[in-house]
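Engineer: Okay, so the sequence shown: first residue is 1433 according to this note's numbering, each after it adds one.
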Amino acid sequence: MSFLAKLYMNGRAINVLDTNVRFYQQLDPTTFQPTALPNGGIFTITIEADGSTDMLRLMLSQDTMCNGHIRFYKRDGMSKLVDYEFFDTHVVSFHSDFDSNSNSPATDTCTLSPGILRIGDMVFEKWWKVTDLSREKAKSTLAPIPLQPKLSSVKWKSTEGESVEEIEYDGKVALQVKVANPEGGSVAITIEKEDGSEFEGGKKSLSFTEYLTEEGVAELSTFKIKKEWEEGKTAEIDKLIAKVTHKGSSKKSGTLQITPKPKATLHFRPHSAWSGEYGFDWMRKEDTSIGGDVDYEKNVGEYGTTYATQSGAVFTAKDYTALENEYNPTNINNRKDTAGNPIQYYTPWLTIYRKANATTPPQVELELLTEVDVAPDELYLEFSKKYFDVTGAVDSPKDATLKQYKLPAAMNGVTAAGSPNETKINLQCIHTLPQDETIKVWAVKNKANGTPDTPILSGKLTIRANDKANRRIGKIVFVNVQTNINGATNPIEGIRSANKTTQEDYLAPFLKQALVKPDVANEDLKLFDNSKPEVQTLNTDYILFDSGTGKNIFHKYNNSGGASLVEFLTQQFETKPANAQYASHYKVFFLGEPGGRMSGAAIVGLGGHANGISSKECVMYANPMPFFVAHELMHCMGLYHSFDNDGTHTFKIGQTEN
């Protein structure tokens, strides 16, 4: 059985695609015996068209003859099976074929009429032959025409030598070229995109020269798929084709598909009903329904000379970069917006208050949002198994100290702008943290063989250290100031026992966001006996008459310009020797009657106020809302209003949690 055939003629070796030869004899119709000498020997041959006009010239030259032979090879492509030798041969028919819709090469088909045809040891001669074979050796002594070098294969290979059909951007691939009948030398390689688009810098093709080994192999061993090429792609998926030429032979590779790396970003957020039960801060982007989630870029800046709460205050948006830096902005996975600008990832942070000896680990409910441009096959969280757990998490196959939690497949789907995929998790803190820890999010795309490729970082969450060294006790004393500024029969209580519990319960979670546990003591300060000088001072220098209600109210300031009300109350509290134990405590003075201050001729009512930023005392007036105490204590602890220019960052009033 033959595997390969070549036509050798006029010093050329040409691939034979098809050939046939036929002999026949005339028969007596009655006896079916031959009635004449055998005829035939004419044969048709189809060869690859290579631009040569030798056959056409022979066809058009009536008296011109040619000699040659067709050699049939065994399956090894090297050993001879049989030769068809032809002498004194006319070319009596010729036509060419080409079909652009087919993958077949252009062909030439010729009919040859030989004067002598020798197949093996059989010779068939025509009367008009010219050559006399009897004067030659019994067997042909044709000098074999050497086989011409020909490209036999062009294949994309992995750097490990395996055949590949796809690769990721920023990956490396090899191109292997094999030549049959090698004679040394080099091969010219041109790599192009299938759609003809640019690589970078206006280049539409990349050229290389590689040299053949003695075995006829040339290899472009390290060809890097640059990630910058993705920016210029016009097709949904880029495909590369290698074109190779060598000594007149040419061949193309199959397509190499460049699969984009997964481009997914996961954002950690508090759950939609979050009310401050754990500490969480993130770069606000209006991607939740939580109050105060406004676009920070439009709402951070400064106010002019008129204070934010005053009429005519002017806010100017600015200093966004300084705020960005608080969240460590990083383009973690090469995502870009529609304008081609890198999309920054802002790392949020979480605090979980946990005692070392807690029997039940605290857990927080988090909402996870994914934005996906190129879908991964898998998204998973990775975290320290010593400190955290999530129901359904498993041990990491690569690191015994870590766990992985695979996200639902619905989180992997490509998203439209403003419509992220959503899910929730409950994160348990199973051990206190001596240092900050990071939960990482990884996106994975599988290779063509089904194995996972290198994971791509796609999100992060920082959890603040919360061990004993990082926790604090907030020493606070609630002072129930008993007063009587309107001539009531009985003293007016500043705060009742039930309200103390309510205020403490409301305050605790906000302080615990900063890993501060409130330790609240309770004391009374009796300032209702008008026979005492200090009570007379209070009822004279620190009251205003509210004509609207017809009653006295407390005045924030001394009517004569002396010490403020909170300073006066502090002096009276510290006068008692037993209260020396509270010298370093934050003091909250509760007054059971309304208070305010003057603004021109009008009274402005107040719910409470601190004794300045970074102080130890604050005052609450009648029936304060639960958040008043937390608000004023935060001032005592050094926090400004979010709209105050003296704060680290200044936000537009009324847009965030002020």
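Ideal placement from N, C-alpha and C gives every residue a C-beta, glycine not left out. Quantities reported herein were computed from a predicted structural model and do not represent experimental measurements.
Quick one: measure Cβ to Cβ for T1855 and L1800, integer angstroms, because I've assumed they're closer than 8 Å.
Structural biologist: With a Cβ gap of about 5 Å, T1855 and L1800 count as contacting.
Engineer: Going by DSSP, which residues form a beta bridge with E1600?
Structural biologist: BP columns for E1600 point to T1691.
Engineer: What three-state label does DSSP hand W1661 in the structure shown?
Structural biologist: Of the three classes helix, strand and coil, the one that applies to W1661 here is helix, per DSSP.
Engineer: A1754 and F2075: beta carbons closer than 7 Å?
Structural biologist: Contact: no.
Engineer: Going by alpha carbons, who is nearest to F2022 out of R2029, E2049, R1567 and S1996?
Structural biologist: Per the Cα distances, E2049.
Engineer: Output the boundary residues of the beta strand (DSSP E) element that contains M2030.
Structural biologist: Its beta strand (DSSP E) spans residues G2027 to S2031.
Engineer: Just checking, does the stretch 1636-1645 make contact with the stretch 1610-1627 on the three C-beta pairs under 8 Å criterion?
Structural biologist: Flag = yes, the stretch 1636-1645 and the stretch 1610-1627 touch.
Engineer: Rounded C-beta distance between A1674 and L1583? I'm assuming under 8 Å.
Structural biologist: With 8 Å as the limit, A1674 and L1583 do not qualify as a contact, their Cβ atoms being about 11 Å apart.
Engineer: Please work out which residues of its chain come closer than 6 Å, Cβ to Cβ, to H1699, disregarding the five sequence neighbours upstream and downstream, and give them in chain order.
Structural biologist: The residues are L1801.
Engineer: Between I1975, F1977, E2025 and V1948, which lies nearest to M2069 when the distance is taken from Cα to Cα?
Structural biologist: Of the listed residues, the one whose Cα sits closest to M2069 is V1948.
Engineer: Going by C-alpha to C-alpha distance, which of Y1752, Y1735 and D1751 sits closest to A1745?
Structural biologist: The candidate whose alpha carbon is nearest that of A1745 is Y1735.
Engineer: Using the Cα positions of E1925 and H2073, report the straight-line distance between them to the nearest angstrom.
Structural biologist: Taking the straight line from one Cα to the other gives about 30 Å.
Engineer: Where DSSP assigns a beta bridge to S1525, which residues make up the other side?
Structural biologist: Per DSSP, T1543.
Engineer: May I ask you to report which of helix, strand or coil DSSP gives T1933?
Structural biologist: Of the three classes helix, strand and coil, the one that applies to T1933 here is helix, per DSSP.
Engineer: Would the stretch 1862-1874 and the stretch 1893-1907 be scored as touching if the rule is three or more Cβ pairs under 8 Å?
Structural biologist: The stretch 1862-1874 is in contact with the stretch 1893-1907.
Engineer: Note the first and the last residue of the continuous alpha helix (DSSP H) segment covering T2007.
Structural biologist: T2007 -> alpha helix (DSSP H) spans L1997 to T2007.
Engineer: From the beta carbon of Q1580, is the nearest beta carbon of chain D less than 7 Å away?
Structural biologist: Within the model displayed, chain D is absent; a lone protein chain is all it includes.
Engineer: Applying the 10 Å Cβ sphere with the 16-neighbour rule, what's the burial state of D1540?
Structural biologist: Counting Cβ neighbours within 10 Å, D1540 comes out buried, since at least 16 surround it.
Engineer: Judging by CA-CA distance, which residue of L1943, S1743 and N1922 is the nearest neighbour of L1959?
Structural biologist: Of the listed residues, the one whose Cα sits closest to L1959 is N1922.
Engineer: With a floor of 3 residues, list each beta strand (DSSP E) that falls wholly inside the stretch 1802-1867, ordered by position along the chain.
Structural biologist: Qualifying beta strand (DSSP E) stretches, in chain order: 1810-1816, 1820-1822, 1834-1838 and 1853-1861.
Engineer: On the three-state DSSP scale, how would you describe S1572?
Structural biologist: Its pLDDT being 45, under 50, S1572 is placed unreliably in this model, and the coordinates cannot settle the point.
Engineer: Exposed or buried, H1527, counting other C-beta atoms within 10 Å across all chains shown (16 or more means buried)?
Structural biologist: H1527 comes out exposed.
Engineer: Taking only runs of the beta strand (DSSP E) that begin and end inside the stretch 1442-1517, which ones reach a length of at least 3 residues, in chain order?
Structural biologist: With a minimum length of 3 residues, the continuous beta strand (DSSP E) runs that stay inside the stretch 1442-1517 are 1444-1456, 1471-1480 and 1498-1505.
Engineer: Can you have a look at W1874 and say buried or exposed, based on whether 16 or more other CB atoms are within 10 angstroms of its CB?
Structural biologist: With 16 or more Cβ atoms within 10 Å of its Cβ, W1874 is classed as buried.
Engineer: With N1990 and D1978 assumed to form a contact (beta carbons below 8 Å), what rounded beta-carbon distance in angstroms separates them?
Structural biologist: Not confirmed; about 18 Å, so no contact.
Engineer: Which partner residues does F1747 have in the DSSP bridge list?
Structural biologist: F1747 pairs with Y1735.
Engineer: Could you check whether the stretch 1656-1672 touches the stretch 1624-1637, counting it as contact only if at least three pairs of C-beta atoms, one from each stretch, sit closer than 8 Å?
Structural biologist: Yes: the two stretches touch, three or more of their Cβ pairs being nearer than 8 Å.
Engineer: Taking the alpha-carbon positions, what's the F2083 to G1724 distance?
Structural biologist: For F2083 and G1724, the distance between alpha carbons rounds to 11 Å.
Engineer: With 16 as the cutoff for other CB atoms within 10 Å, does F1475 come out buried or exposed?
Structural biologist: F1475 comes out buried.
Engineer: Can we say the stretch 2027-2042 touches the stretch 2052-2063, given the rule of at least three CB pairs closer than 8 Å?
Structural biologist: Counting Cβ pairs under 8 Å, three or more are found: they touch.
Engineer: CB-CB under 8 Å to S1572, same chain, minus the five flanking residues each way: which ones, in chain order?
Structural biologist: Note that S1572 has pLDDT 45, beneath the 50 cutoff, so the model's placement of it is unreliable and the number below is only indicative. Closer than 8 Å at the Cβ level, and outside the excluded window around S1572, lie H1501, D1515, E1517 and R1550.
Engineer: For Q1836, count the other beta carbons within 10 Å of its own beta carbon; 16 or more makes it buried, fewer makes it exposed. Which is it?
Structural biologist: That one is buried.
Engineer: Using alpha carbons as the reference points, say which of L1943, S1511 and G1473 lies closest to W1559.
Structural biologist: Nearest option by C-alpha distance: G1473.
Engineer: The beta strand (DSSP E) with F1960 in it runs from where to where?
Structural biologist: That residue, F1960, is in no beta strand (DSSP E); it is neither H nor E in DSSP.
Engineer: Per the DSSP calculation, P1611 is bridged to which residue(s)?
Structural biologist: In the sequence as presented, Pro is not what sits at residue 1611; that position holds Val. For V1611, which the question treats as bridged, DSSP gives the partners L1583.
Engineer: Give, in chain order, every unbroken run of the beta strand (DSSP E) that is at least 3 residues long and sits entirely within the stretch 2043-2085.
Structural biologist: The stretch 2043-2085 contains these whole beta strand (DSSP E) runs: 2049-2052.
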